[in-house]
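Structure first, commentary second.
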Amino acid sequence: MSSAVRGAAVQLVKTIEKLPAERMKHMVSLKESQLERFKPVAGLEAGAHGSKQKPTLQEIKDIISRTSGPLGLQKEALKKVQEAFPQEQYTAEAIQEQTKSLNNILSNKYRDYYAVGDKLLKPQGNPAYYQRLMDEIEGKKKETFWTAMRTVVLGK
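In this note's numbering, the protein residues as written are 0 to 155.
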């Protein structure tokens, strides 16, 4: 891999590490999956492999390429599996575009460019609607069954 690609990947990894932790836990984290994807390109370690961590895509590819017929697969099936794996071709320009896009997201460029006014954020029929949603997501204020029923019945 060229030094330009490696340098661009190092810059992208540094930018990805600036991403905040996700508020809601998912099965797969965008931040972690992208770090796992670009750290090997940057020449950095891919992360500490614990005993219970799943194998990475690269490790699976290595296992398949080292063996002539893993798990009793026929050669034709093995060839189909290897062709199904994506072959990523990294260029310095493509990685720099990703870094630029990620920096735009981190700096809230589009939130500021497409500012939403109070007319949309606080509609006349239910002015506290979006604030209640955000409070629930952030865990600030839990809505009980009775307050939820009141909201459904009264609309506020």
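Built from N, CA and C at the ideal position, the CB exists for glycine as well.
Residue i burial status per 10 Å Cβ neighbour count (16 or more: buried)
{"i": "S2", "result": "exposed"}
{"i": "I15", "result": "buried"}
{"i": "I104", "result": "exposed"}
{"i": "F37", "result": "buried"}
Under 7 Å between C-beta atoms of residue i and residue j
{"i": "K53", "j": "F84", "result": "no"}
{"i": "E35", "j": "S28", "result": "no"}
{"i": "A91", "j": "V12", "result": "no"}
{"i": "I136", "j": "A7", "result": "no"}
{"i": "L120", "j": "Y113", "result": "no"}
Distance between residue j and residue i (C-alpha atoms, nearest Å)
{"i": "L18", "j": "E96", "result": "17 Å"}
{"i": "V177", "j": "L101", "result": "The requested residue 177 is not part of the displayed model; the chain covers only 0 to 155."}
{"i": "R110", "j": "K99", "result": "16 Å"}
{"i": "K78", "j": "A41", "result": "29 Å"}
{"i": "D117", "j": "R131", "result": "15 Å"}
Assigned secondary structure, residue i (DSSP; H/G/I helix, E/B strand, else coil)
{"i": "A20", "result": "coil"}
{"i": "T150", "result": "helix"}
{"i": "L43", "result": "coil"}
{"i": "T98", "result": "helix"}
{"i": "K139", "result": "coil"}
{"i": "T55", "result": "coil"}
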